[in-house]
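Before any comments, here is the structure.
2 protein chains.
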Amino acid sequence: MTTLAAIEAAAARMRGHVRETPLLGAPLLDRLAGRRVLVKAECLQVTGSFKARGGWAAVSSLPTGTGGVLAMSSGNHAQGVAWAAAAHGIVAVILMPSDAPGVKIANTRAYGAEVVLYDRATEDRDALAARLSADRGLALIPPFDHAEVIAGQGTVGLEIASQAAAMGIDAAEVLVCCGGGGLSAGVATALAAKATDLRVRTVEPVGFDDMARSLASGVAQSNPATTGSICDAILTPGPGRLTLPILQRLAGPGLSVTDDQARQAMALAFTHLRIVAEPGGAVALAAALFTRTCPIQ
Amino acid sequence: MTTLAAIEAAAARMRGHVRETPLLGAPLLDRLAGRRVLVKAECLQVTGSFKARGGWAAVSSLPTGTGGVLAMSSGNHAQGVAWAAAAHGIVAVILMPSDAPGVKIANTRAYGAEVVLYDRATEDRDALAARLSADRGLALIPPFDHAEVIAGQGTVGLEIASQAAAMGIDAAEVLVCCGGGGLSAGVATALAAKATDLRVRTVEPVGFDDMARSLASGVAQSNPATTGSICDAILTPGPGRLTLPILQRLAGPGLSVTDDQARQAMALAFTHLRIVAEPGGAVALAAALFTRTCPIQ
């Protein structure tokens, strides 16, 4: 169970290593959305995504003497763990699908990690991971279903709470890009304690909305496939065992957007916020712009 | 004469309106440059550039009862002044060349300004401005040669000084994208007072390096043309009468980069920092990556 105390402890451990990212907005985006829209620009985070937070939180909580870590990821968690491991002076082995974006593979290697590629279609990732972990004594850091990883991602929620307060915003829908739900669950936990009228809603690609369906039905639902959308960073088989119960308790109904809406949101973020959002990182902005929920203020 | 006190006063007036922008870096950029490189991401500023600072500083220092303001700009100063005027509830009339980037014209109008377009080739901008100003009683806010504008841009220097100190950096070359020299002069003034071993060097497009030539010769030099580079935001006829003496006193020799180097820097900023830099905003990064000066640390 991830608590506010665990999130605050993670925030203290990552101070000076992880960036406080800005909350950006632009009048033309507000006009398009018909309401005020603010974007927490985690693409500006160290390693390019919020995954640096979870990576740091997990690696910094390992027992002294841990020889190395193992992570499975199509790219962002890979970079977050590789970066955090290097900064702690420990070995990182990252299991990545061979069709992961080239820049993510290159960056993961640039952080000093050993990258092991596997074929999504023909190889069993979990079996490979179990063998690597056993053979080389590596501690596994899963991408979302892990208390310290959720606590690390929850530090985004602490920042949103204080930034919103400084801007005089006391009620808002907080739309969160959602794969396995680590970021959503962490942010929801932080906001439930720090800003009770800022309420999380998950956003997923249409056709990969396992979390929305799980929240609606009350039972974990899986996706029929994990490829077929441009939002590669958030295509997961189903919700986490730790993350779903947190979101059932704290989040509103889930939202979903099409790849085309994600693409339009990327273009608008490029033009009006001057940030480069990847497709999976743009679905929350797409939902803010193109789905009807309720206004921020 | 712009002083530290004027810059600090401008910073106080703009608090809560202008963003403190992050100082971003990435290991792969450091590796490419062969030294540590940090980018002050003013493209994330309100209105998309540091010009919001000078616009706010100038508009907020106008005498009460000023009926409106007039600015001439190909885009960034236009948006900065239009935004600041709207926030202060006063009229803004902006004189823009008809070949200015469409998004900059649209944004300037979206901030509520009246945009007057003119033909660079056939119309006399200064005569047009003088007539508009006289006919309608508008206060002129020039793009760089104005003490309050320089003070406003100088707030970037205050932030760099405190961010560098927080990162343990006490000596660095501070490469600044330079058109008329308002930003360079403001930053140099702030750093001379707050961080004496952080030294400004101007960066201009090759062929439009009036400031570098003026600094080298000791006499104001002009450019043969003000078109012919993709760096539209920083193509000025010559250095300012206020800015040049400040830079003669405080800046190192000027640098220049090719359009192709600016283009490469834009691509690298996109990929590794996930920010969208316009050509004129990327010349300083281009100089950091592609010219040999001395290492940050």
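Top line first, the protein sequences correspond to chains Z and G. First residue of the first sequence? That's -8 in the working numbering, and the numbers climb one at a time after it. First residue of the second sequence? That's -8 in the working numbering, and the numbers climb one at a time after it. Each residue gets a CB set at the ideal place from its N, CA and C atoms; glycine is no exception.
Check your understanding: Closest Cβ-Cβ distance between residue 18 of chain Z and chain G: below 9 Å?
Key -> yes
Exercise for review: Determine, using beta carbons only, whether residue 13 of chain Z and residue 146 of chain G come nearer to each other than 9 Å.
Suggested key: no
Practice item. Could you tell me the boundaries of the alpha helix (DSSP H) in which residue -2 of chain Z lies? Key: -5 to 5
Check your understanding: Do you know offhand how far residue 375 of chain Z's Cα is from residue 171 of chain Z's?
Key -> The requested residue 375 of chain Z does not occur in the structure, where chain Z is confined to residues -8 to 288.
Practice item. Have a look at G:34, G:227, G:6 and flag the residue whose alpha-carbon is nearest the alpha-carbon of residue 261 of chain G. Key: G:34
Exercise for review: Going by DSSP, name the residue or residues bridged to residue 88 of chain Z.
Suggested key: In the DSSP output, where bridge partners are listed per residue, residue 88 of chain Z has Z:109.
Check your understanding: With a cut-off of 9 Å, does the C-beta of residue 274 of chain G fall near any C-beta of chain Z?
Key -> no
Check your understanding: Checking contacts by CB at 9 Å: is residue 98 of chain Z closer than that to chain G?
Key -> yes
Practice item. Check the Cβ-Cβ distances between residue 113 of chain Z and every residue of chain G, and say whether any is below 9 Å. Key: no
**Study point:** Three-state class that DSSP yields for residue 193 of chain G in the structure shown
**Key:** strand
Check your understanding: Quick one: what's got a C-beta closer than 8 Å to residue 0 of chain G's C-beta in the same chain, skipping five residues either side?
Key -> 142
**Study point:** Through-space distance from residue 246 of chain G to residue 63 of chain G, alpha-carbon basis
**Key:** 26 Å
**Study point:** is_contact[residue 199 of chain Z, chain G] using C-beta, thresh 9 Å
**Key:** Residue 199 of chain Z does not count as touching chain G.
Practice item. Pull up the CB-CB distance for residue 182 of chain Z and residue 152 of chain Z, whole angstroms please, since I reckon it's below 8 Å. Key: Between the beta-carbon of residue 182 of chain Z and that of residue 152 of chain Z there is about 6 Å, and that keeps the pair under the 8 Å contact cut.
**Study point:** Near-chain Z residues of the segment 241 to 267 of chain G (beta-carbon distance less than 7 Å), N- to C-terminal order
**Key:** Residues passing the 7 Å Cβ filter: 261, 262, 265, 266, 267.
Check your understanding: For residue 9 of chain Z, which residues of its own chain have a beta-carbon under 8 Å away from its beta-carbon, when the five flanking residues on both sides are left out?
Key -> 36, 37, 43, 44, 47, 146
Review point. Can you check whether the CB of residue 192 of chain Z is closer than 9 Å to the CB of residue 278 of chain Z?
Key: yes
Check your understanding: Quick one: which chain Z residues come within Cβ less than 7 Å of residue 39 of chain G?
Key -> 265
Review point. Does the segment 90 to 104 of chain G touch the segment 64 to 76 of chain G, meaning 3 or more C-beta pairs lie closer than 8 Å?
Key: Touching, per the Cβ criterion.
Exercise for review: Check the Cβ-Cβ distances between residue 149 of chain G and every residue of chain Z, and say whether any is below 9 Å.
Suggested key: no
**Study point:** At least 3 beta-carbon pairs within less than 8 Å: the segment 215 to 229 of chain Z vs the segment 189 to 205 of chain Z
**Key:** At 8 Å Cβ cutoff, the stretches touch.
Practice item. Please say whether residue 217 of chain G and residue 136 of chain G have beta carbons closer to each other than 9 Å? Key: no
Review point. Is it the case that the Cβ atoms of residue 190 of chain G and residue 242 of chain G are separated by a distance below 9 Å?
Key: A contact, by the Cβ cut-off of 9 Å.
Check your understanding: residue 32 of chain G CB to nearest chain Z CB: under 9 Å?
Key -> yes
Exercise for review: Name, please, each residue of chain Z whose Cβ falls closer than 7 Å to the Cβ of residue 94 of chain G.
Suggested key: 262
Point to revise | Bridge partners - residue 63 of chain Z, DSSP secondary structure assignment | key: Z:86
Check your understanding: If you draw a straight line from the C-alpha of residue 186 of chain G to the C-alpha of residue 125 of chain Z, how long is it?
Key -> A straight-line Cα-Cα distance of about 52 Å links residue 186 of chain G and residue 125 of chain Z.
Practice item. Please name the residue or residues paired with residue 164 of chain G in a DSSP beta bridge. Key: G:190
Practice item. Determine, using beta carbons only, whether residue 82 of chain Z and residue 66 of chain Z come nearer to each other than 9 Å. Key: no
Review point. Looking at C-alpha atoms only, which residue of G:160, G:179, G:199 is the closest neighbour of residue 213 of chain G?
Key: With distances taken between CA atoms, residue 213 of chain G lies nearest to G:199 out of G:160, G:179, G:199.
Review point. Which whole-angstrom value is the C-beta distance of residue 168 of chain G and residue 28 of chain G, which I expect to be below 8 Å?
Key: The beta carbons of residue 168 of chain G and residue 28 of chain G sit about 14 Å from each other, so the pair does not count as a contact at 8 Å.
**Study point:** Nearest-angstrom Cα separation, counted from residue 95 of chain Z out to residue 150 of chain Z
**Key:** Cα-Cα distance, rounded: 26 Å.
Point to revise | Contacting residues, own chain, Cβ-Cβ under 6 Å from residue 252 of chain G (five flanking each side not counted) | key: 277, 281
Check your understanding: Leaving out the 5 sequence neighbours to the left and right, which residues in its chain are closer than 6 Å to residue 140 of chain Z when beta-carbon positions are compared?
Key -> Excluding sequence neighbours, residue 140 of chain Z sits near 45, 49, 173.
Check your understanding: Taking the alpha-carbon positions, what's the residue 244 of chain G to residue 210 of chain G distance?
Key -> 14 Å
**Study point:** Buried or exposed by the 16-neighbour rule on C-beta atoms within 10 Å, applied to residue 148 of chain Z
**Key:** Counting of Cβ neighbours within 10 angstroms places residue 148 of chain Z among the buried residues, the total reaching 16 or more.
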